[in-house]
Structures are given as structure tokens and as C-alpha cells.
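Reviewing the structure listed below.
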Amino acid sequence: AQSVTQLGSHVSVSEGALVLLRCNYSSSVPPYLFWYVQYPNQGLQLLLKYTSAATLVKGINGFEAEFKKSETSFHLTKPSAHMSDAAEYFCAVISGGYNKLIFGAGTRLAVHP
Amino acid sequence: KAGVTQTPRYLIKTRGQQVTLSCSPISGHRSVSWYQQTPGQGLQFLFEYFSETQRNKGNFPGRFSGRQFSNSRSEMNVSTLELGDSALYLCASSPGQVGDEQFFGPGTRLTVL
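From first to last, the protein sequence lines stand for chains A and B.
In this text, residue positions in the first sequence follow my numbering: the first is 1, and each later residue adds one.
In this text, residue positions in the second sequence follow my numbering: the first is 114, and each later residue adds one.
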């Protein structure tokens, strides 16, 4: 069964610093990978998705992620954090076909002045 | 284009009762998926409906059921509520092909007393 591991349940950065959120997946076939963000009391919003077209994927709000098959990783980065980036971030993989998303446990990002 | 809507947004029930949650997908989307989000278990897939048929199912007891109507609107039902059913229930819609972006609604917060 496919699974997703997010390293670090809490990450804290200073405003303007690099954001790096880690995600590793297990998959026996080329995966569909996603990063979602959740703000308090809201649903999930897609940041970006990997569907094998390119290993470096650019998303919304300045985020990007690089697919590394050899490391089975799909880490999320942003060069310069903003206060508005404070939220919970989820990495997910499609499992079993169609639209069954398997989520990681999430990483809560705090941004301090 | 209107987003995914879920009703009600908040619900309080007592143990043993049953509850029905509703989800209206984005116009033109034929797939609706349901997820349960809890602090302890994170985001877990419940089931997916596509063109009125259940296409995928997660590992939840039979007390959790759903259906989809011809206009793609979906409902999920939980019978004989338990305290552990307290959660945020998220609905997501997509066109229905593998790897399609899933658009999430704001969720229904269910509290079981």
C-alpha cells in the first residue's frame, strides 16, 4: 500500500527565511503527488501537483516542489516566508487508482517576525 | 464558478443518533470524495462516488455510508454515532480522472456528545 511520511510535525521559520517541508512517499508505480495547505477552520487548497510532466513543479503563492525518484521524496520549498504562509501543509499521494488520496500527517508551519 | 459547498457547517449530536451531511460539487464535476479529519488519525479517505456509483472505499465500518445523486450532489450518513466520530468531514470534487485536482469544501464539523 502506498504511504506518505512528512518529517517534522512543526516547523518554525523567520519571515523572509527559506521554507522547507519534507515529504517522502512509498509507491511501486510512478505516483501522482500533491501538496495541500489548510488554514484554520477551512478546507484544503491545492498548492501544486506532480504528474510526471516535470520533476520541478511550481505552484501557487511562490511554492515549488521537486520530485526525486531516487530518494522517493517530494519536498516543498519557498525561498522567502511570509506571515500569511502560517498554516498546516499536507503531502498526499493517489492510491489505488482514481481519486483516493493518502495524506501525510501534516506539518504545521509557524512564521515569526 | 462556485466552489464546493457543504452543509451544515457545524453539527452537534449525541451518541446513538444518526447524521446526514451534504456536499454540492463544482458544476460539471462527476466525482465526489469524502474524508474524515481528526487530530489523532489525521486525514482519512472514506469513499468516492462517480456518476452515482461508489468507486472506492476506505477502511471505515458500515455505519458510514454515502450516495450520489444524478446531479452529482452527494450525501454521507453516519448511523449509531460514537464519540470517536467527532471530526471535520471534508468533501472534495473533481472531474473524475486519475490525478485530477480535487477541490475541497470547507467541511462539516461534527461533535458527538
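Glycine included, each C-beta is placed from N, C-alpha and C at the ideal position.
Keep in mind that this is a model prediction, so the values were computed, not measured.
What residue from the options has the CA that sits closest to residue i's CA?
| i | options | result |
| --- | --- | --- |
| A:F34 | A:P40, A:C23, A:Q42, A:N41 | A:C23 |
| A:I94 | B:G179, B:S146, B:E188, B:P138 | B:S146 |
| A:P40 | A:D85, A:A65, A:I60 | A:D85 |
| B:T120 | B:S135, B:G129, B:Q130, B:T127 | B:S135 |
| B:T224 | B:H142, B:R122, B:Y148 | B:R122 |
| B:I139 | B:S199, B:C204, B:L159 | B:C204 |
| B:S141 | B:G209, B:G220, B:T221, B:R222 | For the sequence presented, residue 141 of chain B should be read as Gly rather than Ser. Checking every option, the nearest Cα to that of B:G141 belongs to B:G209. |
| A:L18 | A:L109, A:F90, A:T77, A:E88 | A:T77 |
| A:Q2 | A:V11, A:F103, A:A110, A:R108 | A:F103 |
| B:E161 | B:N172, B:G155, B:T151, B:P152 | B:N172 |
Please list, in chain order, the chain A residues whose beta carbon lies closer than 8 Å to that of residue i.
| i | result |
| --- | --- |
| B:E161 | Y98, N99, K100 |
| B:S146 | N99, K100, L101 |
Measuring only the C-alpha atoms, how far is residue i from residue j?
| i | j | result |
| --- | --- | --- |
| B:G218 | A:N99 | 16 Å |
| B:F163 | B:F182 | 10 Å |
| B:T193 | B:S178 | 12 Å |
| B:L201 | B:N190 | 14 Å |
| A:A92 | A:Q38 | 13 Å |
| A:G16 | A:V57 | 21 Å |
| B:R168 | A:S52 | 24 Å |
| A:P113 | A:S14 | 6 Å |
| B:L196 | B:Q130 | 11 Å |
| A:I60 | A:L47 | 5 Å |
| B:R180 | B:E165 | 7 Å |
| A:T107 | A:V11 | 7 Å |
Strictly below 7 Å CB to CB, what residues from chain A border residue i?
| i | result |
| --- | --- |
| B:G155 | F103, A105, G106 |
| B:Q215 | N99, L101 |
Mind pulling the chain B residues with CB within less than 8 Å of residue i?
| i | result |
| --- | --- |
| A:I94 | V211, G212 |
| A:Y32 | V211, G212 |
Residues of chain A with CB closer than 9 Å to the CB of residue i, please, in chain order.
| i | result |
| --- | --- |
| B:Q219 | The identity of residue 219 of chain B in the sequence shown is Pro, whereas the question assumes Gln. What B:P219 touches in chain A: N41, Q42, G43. |
| B:L124 | The premise fails here: B:L124 is roughly 15 Å from chain A at the closest Cβ pair, so nothing lies under 9 Å. |
So which residues of chain B does residue i contact, with C-beta pairs closer than 9 Å?
| i | result |
| --- | --- |
| A:F116 | Within the shown structure, residues of chain A are numbered from 1 to 113, placing residue 116 of chain A beyond reach of any answer. |
**OP:** Determine which residues of the stretch 161-180 of chain B have a Cβ less than 8 Å from any Cβ of chain A, and write them out in chain order.
**Re:** E161, F163, R168, N169, G171
**OP:** Below 8 Å between beta carbons is the criterion; list the residues of the stretch 44-61 of chain A that meet it against any residue of chain B, in chain order.
**Re:** L44, Q45, L46, K49, T51
**OP:** Identify each residue in the stretch 185-207 of chain B for which the Cβ-Cβ distance to at least one residue of chain A is less than 7 Å, and report them in chain order.
**Re:** L203, S207
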